[in-house]
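Here the structure comes first, spelled out in structure tokens, and everything after it is commentary.
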Amino acid sequence: MGTNGIPVGPIRRPFSASIPLIMMLVMILLLMLTRGRAGADSGDILWRFTAQSPFQSSPAVGTDGTVYAASDNGWLYWIGGEEEKLFEVFISGMLTQPSPAVGSDGTVYMGSSNGRFYGFDAGGNLLLELALGSGEISTPALGDDGRIYVGASDGRLYAVEEETFLWSFPTAGRLSSPAIGREGDIYVGSEDGYLYAVRPDGTERWRQETGGRVSSPALDRAGNIYVGSGNGTLYAFADDGEMLWGFPAGGAVASPAVGADRAVYVGTDGGLFYAVDMDTGDERWRVSAGGAILNVPAVDSAGNLYFGDAQGNLHSVDSAGNSRWDKAIPAGESAPVIASDGTLYVGGTDGVLYAVETGATGPADSAWPMFGHDARHTNQADRTDQADDGDGTDSDDGTDDDDADNETDNDADDETGPVADAGEDFTAEEGDRVTLSGSGSPEEEITTYQWRQTDGSTVTLEDSDTARAYFNAPDLDHEEEITLAFELTVTGKGGRTDTDSVIVTVEENDPMCFIKSLNRFSILP
0 MGTNGIPVGP IRRPFSASIP LIMMLVMILL LMLTRGRAGA DSGDILWRFT AQSPFQSSPA
60 VGTDGTVYAA SDNGWLYWIG GEEEKLFEVF ISGMLTQPSP AVGSDGTVYM GSSNGRFYGF
120 DAGGNLLLEL ALGSGEISTP ALGDDGRIYV GASDGRLYAV EEETFLWSFP TAGRLSSPAI
180 GREGDIYVGS EDGYLYAVRP DGTERWRQET GGRVSSPALD RAGNIYVGSG NGTLYAFADD
240 GEMLWGFPAG GAVASPAVGA DRAVYVGTDG GLFYAVDMDT GDERWRVSAG GAILNVPAVD
300 SAGNLYFGDA QGNLHSVDSA GNSRWDKAIP AGESAPVIAS DGTLYVGGTD GVLYAVETGA
360 TGPADSAWPM FGHDARHTNQ ADRTDQADDG DGTDSDDGTD DDDADNETDN DADDETGPVA
420 DAGEDFTAEE GDRVTLSGSG SPEEEITTYQ WRQTDGSTVT LEDSDTARAY FNAPDLDHEE
480 EITLAFELTV TGKGGRTDTD SVIVTVEEND PMCFIKSLNR FSILP
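So in numbering that gives the first Met the number 0, spot 295 of the sequence shown is number 294, and the numbers just go up one at a time.
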């Protein structure tokens, strides 16, 4: 169905009109259950899907595992299981930049190069077609309230709800993909050199000039915004518009991703890939890719990173910048995405969509681990009752409104939410095998556990997605003691989360100290 009197344009070609929908779904499920990942090593190509044109946009992955990919010649593909094409829909003659996004109800949204914005159901049937300005329409940001925000090459940010145009916000340059913050404000970068914060009613909250075109934003759980600029700088801004720091990267900076280790990761058109400290803006490390990095990196659950270069290679490095592997996969501008099962998907300029083994269990448990925030490309920041400010504290400005909201949320949590219990603070000795125990959390209310380190000398956590995690206490190097801080996040059946923290004090190994020996053998719950 079209709007504004415009005839419906997309052409849908079904995978097989003769197979009933229920049979097709059964086939997809069987294919997904029998995927050939057993024995695959990280970097192995699991399967390839070949189209007739390059994939420069980023693929999206629905909650059912269906992969959605748009090729440069205007076709949007539904791919299920191992390279099984379900549907293909022709949208326009060119789709080089916009990427598909998948709503919570399974609706697939896609911008085009002809100024139109489309929505399709899971069967490839057209649900929505809106004419929005002119030129190319960006990857959308999908709000929990049903609102959708898109940027356009005519310099306007558009807000729509269902088939209704709500408002547009003007800038002086082509816009990036927008992002929705925790409080509902929309952040968008423009080629006019400004990062804009726009209220949900379409009015400007603030703008900050960077001196070059501004990338798609990434946000952390404290509400801070990270963008790359064409002036060669990676910027961090607070949610009130204050510039926190600027990191000189020596080349036009792409859109960043945020890791669980308090690092911001980003590449440049000069071929350098950086890890930048989230708190200070200082460089942690850099690696050279050998070609321009034009895509957004992806971070997996083990902290490993994936990014492509313009020379036709896909790279993987660990969280310290050490190379894991390089594959001849011409990712170009296609940002890799990591699905919930750990499979990485990326489009190639050779017209092939690649499914790659990562060896991980999924994306990183971080605020923004890939392009579009998640594999569905919702471009929406984490919306929890209380979000980590990034320094181990909870966000609360002390206002009556916030207190009232927190009281309401906590009441709801008391009734239906899980309760995290990381245990009491305790002491260990250097070299000890240390156990972090969340066993005090009521198991009947919890579906997932996730431990992470929030402060102190970095240690390697083992079994961090279980009730009990382990690490080896570091050597003190002549210090009398150090403290390590850890946080446990639990998720309940209804999707609610709760967190608790624990401090571990690591002391010198003194076998003659009787009291310390007793502490080492304290009984865990």
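A virtual CB, placed ideally from N, CA and C, is assigned to each residue, including glycine.
Classified as buried, Met109 has 16 or more neighbouring CB atoms from the shown chains inside 10 Å of its CB. Contact between Ala178 and Leu125 is absent: CB atoms are separated by about 27 Å, not below the 8 Å threshold. Taken atom to atom, the span from the alpha-carbon of Gly122 to that of Thr106 is near 10 Å. Three or more beta-carbon pairs separated by less than 8 Å are not found between the segment 314–322 and the segment 78–90, which leaves the two stretches without contact.
Relative to the Cα of Arg47, the nearest Cα in the group Gly347, His372, Val489 belongs to Gly347.
Per DSSP, Glu429 lies in no beta strand (DSSP E) segment and is marked neither H nor E. Each residue's CA atom was taken as its position, placing Thr357 and Lys326 some 12 Å apart. Comparing alpha-carbon positions, the option among Leu343, Gly38, Tyr67 lying closest to Ala50 turns out to be Tyr67. For the 8 Å CB-CB criterion, Gly154 and Ser189 form a contact. Ranked by Cα distance from Arg173, the options Thr457, Ser137, Leu85 are led by Ser137. In summary, Glu135 is buried, with 16 or more beta-carbon neighbours lying within 10 Å of its beta-carbon over all protein chains present.
In summary, Asn321 is exposed, with fewer than 16 beta-carbon neighbours lying within 10 Å of its beta-carbon over all protein chains present. Two segments are said to touch when three or more pairs of C-beta atoms, one from each, lie closer than 8 Å; by this definition the segment 336–351 does not touch the segment 266–281.
Within the model, the alpha-carbon separation for Gly210 versus Ser438 is close to 52 Å.
Within 10 angstroms of the beta-carbon of Arg382 lie fewer than 16 other beta-carbons, which makes it exposed. Shown here, Glu81 sits in coil according to DSSP, grouped into three states, outside any helix or strand.
Excluding sequence positions up to five before and after Asn508, its CB lies within less than 7 Å of the CB of Glu428, Glu429, Gly430, all in the same chain and listed in chain order. Contact between Thr453 and Phe425 does not hold, since the beta-carbon distance rounds to 16 Å and is not under 8 Å.
8 Å or more divides the Cβ of Glu162 from the Cβ of Leu131. Setting aside the 5 residues that flank it on each side, Ala468 is surrounded in the same chain by Leu435, Trp450, Leu460, Asp462, each with a C-beta closer than 6 Å to its C-beta; the list follows chain order. Bridge partners of His314 according to DSSP: Phe306, Asp325.
Taking all protein chains shown into account, Gly145 has fewer than 16 neighbouring C-beta atoms within 10 Å of its C-beta and is therefore exposed.
Within the model, the alpha-carbon separation for Phe246 versus Ser98 is close to 28 Å. Across the set Arg181, His477, Thr490, the C-alpha of His477 shows the shortest separation from the C-alpha of Glu506. Residue pairing by DSSP puts Pro362 in a beta bridge opposite Asp299.
In this structure, DSSP gives Glu444 a helical state, which the three-state scheme calls helix.
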